[in-house]
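Structure, as structure tokens:
In the UniProt record's numbering, the protein residues as written are 1 to 345.
See the structure below:
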């Protein structure tokens, strides 16, 4: 039995294979058996074999997957509804698209956050080498000329000396920062805190909002197309997101459903605005709300990816410029006095 949930990538792969199997008219049991035979990974084979065994005992696919403790509640609920309604093939296909989207979105966030971090680390390393290795050489030249570095250069040189003298302390601080980074990227609690930070940060606030909206509208689309009513769909889709502000708005919209339709509830709470609000109204009137929700999710994905590309295109030259300026200031603060001294000789 698997103790941890499958990743978005693994969920997308599994549901995609199941959708193809069901489209070919193969039963879930036979399909899982094929997947077991094709698997060349021992852990995956064992995992799939546990599902195959339960299916062979007459259990439903929903029950078999539930016993693994590896599938999120949303996926299990959708699969259960798909089995009961006879639309399991469609549900699997929709879940595959949904989890592939979540995987790509998560990768986009990693790109948007990790690239600037790498650049900042590189900047730190370059400046560290400059103040600990290069500046001391200039200081020796000044001493040979019978003078010494002063002002800003002296301050930077002293910082460099402290790095060399108390290197073990700085290494300890660096290791502590590394542990904090691992905590915020690996543990669930850490991920939540880091995500909350990104939702409030000026440069990533809009991106996280659109990503959360994409996840919500995608979840609504699958739930509605599976036969759930609006209230149930909204309740389930809300559990997919971690964005606190959006969750609060969805809760407010849920209360409004008692007296208003879905479109009105989402528009008045400003969950959807502008063109998306008009699309939702049209979908509500024509009875194609699930399709409109999918279209909105796709468009939010596109906007998010464009936003990330734009963010990186701005941050890259900015960080390069900052690094160049810092290095230039440090070198000029040493070179100009040295040139002045050499001119008097």
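All C-beta atoms, glycine included, are put in the ideal place defined by N, C-alpha and C.
Fair warning: this is a prediction, and the values are worked out from it, not measured in the lab.
Nearest-angstrom Cα separation, counted from residue j out to residue i
i: residue 238; j: residue 182; result: 28 Å
i: residue 1; j: residue 51; result: Only weak support exists for where residue 1 lies, its pLDDT of 48 falling under 50; the value from the coordinates is given anyway. Looking at the two C-alpha atoms, the distance is approximately 9 Å.
i: residue 249; j: residue 314; result: 31 Å
i: residue 240; j: residue 283; result: 23 Å
i: residue 296; j: residue 129; result: 49 Å
i: residue 292; j: residue 41; result: 40 Å
i: residue 275; j: residue 214; result: 15 Å
i: residue 73; j: residue 288; result: 26 Å
i: residue 271; j: residue 224; result: 18 Å
i: residue 184; j: residue 33; result: 38 Å
i: residue 120; j: residue 323; result: 9 Å
i: residue 19; j: residue 175; result: 46 Å
i: residue 189; j: residue 5; result: 15 Å
i: residue 110; j: residue 308; result: 10 Å
i: residue 137; j: residue 200; result: 45 Å
Residue j beta carbon less than 8 Å from that of residue i
i: residue 55; j: residue 67; result: no
i: residue 360; j: residue 300; result: There is simply no residue 360 to check, as the chain begins at 1 and stops at 345 in what is shown.
i: residue 252; j: residue 269; result: yes
i: residue 257; j: residue 226; result: no
i: residue 192; j: residue 219; result: no
i: residue 92; j: residue 15; result: yes
i: residue 370; j: residue 304; result: Residue 370 is absent from the structure shown; the chain starts at 1 and stops at 345.
i: residue 127; j: residue 326; result: yes
i: residue 83; j: residue 61; result: yes
Nearest residue (CA-CA) to residue i, options the options
i: residue 317; options: 165, 199, 115, 133; result: 115
i: residue 75; options: 270, 58, 94, 334; result: 94
i: residue 335; options: 153, 65, 88; result: 153
i: residue 36; options: 26, 28, 49; result: 49
i: residue 132; options: 158, 141, 16; result: 158
i: residue 243; options: 229, 261, 204, 227; result: 204
i: residue 228; options: 46, 85, 246, 302; result: 85
i: residue 123; options: 321, 339, 332, 331; result: 321
i: residue 69; options: 81, 47, 80, 87; result: 47
- [ ] Tell me, please, whether the segment 6-15 touches the segment 86-98 by the rule of three or more beta-carbon pairs shorter than 8 Å.
- [x] yes
- prompt: In chain order, which continuous runs of the alpha helix (DSSP H) of length 4 or greater are located wholly inside the UniProt domain "Type II secretion system protein GspF" (217-337)?
  reply: 230-238, 244-256, 262-268, 274-286
Continuous beta strand (DSSP E) assignments of at least 3 residues falling wholly in the UniProt domain "Type II secretion system protein GspF" (14-136):
none
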